[in-house]
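Chemist: Chains as they are written, first to last, in UniProt numbering: chain Z, 1 to 216; chain S, 1 to 216.
Number of protein chains: 2
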Amino acid sequence: MKVLVVGANGQIGKHLVTFIQEKEGMEARAMIRKEEQASFFKELGAETALVDLEDDIDPIAKAAEGVDAVVFTAGSGPHTGKDKTIMIDLDGAVKTIEAAKKAGVKRFVMISSFDTRRKAIQEATESFAPYVAAKHYADEWLKDTDLEYTIIHPGMLTNDDGTGQVKIGQDLDIEKVPREDIARVIVSTLENDATIGKEFQVVGGNQSVTDAVKST
Amino acid sequence: MKVLVVGANGQIGKHLVTFIQEKEGMEARAMIRKEEQASFFKELGAETALVDLEDDIDPIAKAAEGVDAVVFTAGSGPHTGKDKTIMIDLDGAVKTIEAAKKAGVKRFVMISSFDTRRKAIQEATESFAPYVAAKHYADEWLKDTDLEYTIIHPGMLTNDDGTGQVKIGQDLDIEKVPREDIARVIVSTLENDATIGKEFQVVGGNQSVTDAVKST
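1. Based on Cα-Cα distance, which residue from SER208/S, VAL5/S, GLN11/S lies nearest to GLN21/S?
2. For chain S, check one thing: does any of its Cβ atoms lie closer than 7 Å to the Cβ of ILE88/Z?
3. What are the boundary residues of the alpha helix (DSSP H) that GLN21/S is part of?
4. So LEU53/Z is in the alpha helix (DSSP H); what residue range does that whole segment cover?
5. Can the beta-carbon of ASP181/S be found closer than 7 Å to that of GLY169/S?
6. Use the C-beta contact count for GLY25/S: other C-beta atoms within 10 angstroms, 16 or more gives buried, fewer gives exposed.
7. For the region 73-124 of chain S, which segments carrying the alpha helix (DSSP H) assignment without a break, of at least 4 residues, lie completely within its bounds, in sequence order?
8. Is LYS167/S near VAL203/S, with beta carbons less than 7 Å apart?
9. Which of helix, strand or coil does DSSP assign to GLU27/Z?
10. Taking only three categories from DSSP, how would you classify LEU147/S?
11. Would you please verify whether the beta carbon of GLN122/Z is less than 7 Å from any beta carbon of chain S?
12. Strictly by DSSP, which residues pair up with THR48/S?
13. Find out if the Cβ-Cβ distance for the pair ILE111/S, ILE152/S is shorter than 7 Å.
14. Excluding sequence positions up to five away, which residues of its chain have a Cβ less than 8 Å from the Cβ of GLY197/S?
15. How many Å lie between GLY7/S and LYS95/S at the Cα?
16. Over the uninterrupted beta strand (DSSP E) stretch that includes residue 266/S, give me the two end residues.
17. List the residues of chain Z whose Cβ lies closer than 9 Å to the Cβ of ALA129/S, in chain order.
18. For a quick check, are the C-beta atoms of ALA61/S and ALA28/S less than 7 Å apart?
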């Protein structure tokens with residue numbers, strides 16, 4: 001299985017490409033914005049595709065050609081300018097979805113925010129709400145397609161070492177979760193077709209990633 | 001015909017409520033954010049509804065109860081903070097659309113931006129692109145509903161006195177158009193059911209508003 005990782009140079013993305021390259025029968029194509037980001041991925045033996053997510057759909061579709069799945073884990077993050085929130089977290093995500101369709105890739109894994117429902121937008125702080133709204137509309141766009149999607153809603157992301165153990169569910173209380181463990185959840189999701197058409201929250205916990213993903 | 005004007009206190013909105021109140025058989029309900037904005041509309045004999053567009057769908061739906069049409073002409077404008085672009089131009093618009101559905105109002109007129117197609121997002125300047133993207137997604141959301149919509153794409157808005165004459169079409173060159181004339185186009189659109197399911201651009205021109213709207 002070849003996987004296009006959009007946002008490969010991000011903190012989840014780097015863990016993800018690393019894990020994919022370690023997996024038998026899986027390989028990654030890292031979509032990156034700058035040539036100088038390539039060496040990290042080349043050292044892992046991964047392919048790279050140089051595309052700016054603010055470009056049009058076609059170059060993204062070209063990067064997606066011949067892969068079996070697309071993972072969207074790009075993000076401006078909640079603390080960048082709000083112009084990037086709409087251009088990357090919403091428009092970049094939608095263009096990636098459309099690119100997957102164009103390239104004939106059916107499987108799509110979206111890394112979303114912990115809660116992107118209407119209520120979460122309304123209850124978010126004024127500075128966080130635009131990010132939640134952007135992720136909401138990206139998720140809605142994906143759910144309205146015929147793609148074989150899974151939407152992963154991580155809790156408060158940390159750079160702590162992963163434990164390989166998480167808690168997965170719906171309507172969880174928000175808790176911390178290492179980015180490294182989210183990357184493991186993504187790999188496990190790609191390996192488990194029962195996750196297709198589903199969305200779930202992930203926080204730190206004490207169930208193995210494999211078992212937790214199976215339980216969705 | 002009773003019309004809920006969302007964004008009534010805006011520059012187009014004030015002209016629009018004025019024209020609606022002057023029309024035989026038409027009356028406006030002005031949706032406004034602050035109580036002190038009410039006097040302008042009360043003097044015109046229009047109803048008012050006090051709702052913040054950043055609130056949830058329910059209060060907007062309540063404001064839409066019993067009207068025959070909703071006009072969305074609220075806008076953060078292209079030069080406010082990009083947080084407001086997503087919260088008002090996109091999320092405010094979508095909540096208004098959902099509110100119309102909830103209140104059982106079928107007719108919906110959206111005041112969009114001159115060109116909200118994918119190409120326009122890609123070709124916009126970095127500072128303008130988030131606004132175009134927000135309007136793009138609001139328009140897409142509306143077109144995906146069963147509402148009887150019309151999407152109006154005005155050219156460069158000015159505060160010049162209206163002339164009552166415009167040019168309407170698809171793929172026009174962008175030119176100036178007074179906000180007052182856009183308000184006239186909205187009234188004419190509400191009076192003309194042949195505009196349902198259509199979208200068109202409006203710039204300054206030399207055809208009467210009534211004839212131009214008929215030609216869509």
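Positions of the beta carbon are idealized from the N, C-alpha and C atoms, including for glycine. This structure is a prediction, so every number in the text was calculated from the model and none was measured.
Modeler: In terms of the structure at hand:
1. VAL5/S
2. no
3. 11-22
4. Premise fails: LEU53/Z is in no alpha helix (DSSP H) and is neither H nor E.
5. no
6. exposed
7. 91-103, 118-123
8. yes
9. strand
10. coil
11. yes
12. ALA30/S
13. yes
14. GLU148, TYR149, THR150
15. 13 Å
16. Here chain S comprises residues numbered 1 to 216, so residue 266/S is not present and cannot be evaluated.
17. GLU54, ASP83, ILE86, MET87, ASP91
18. no
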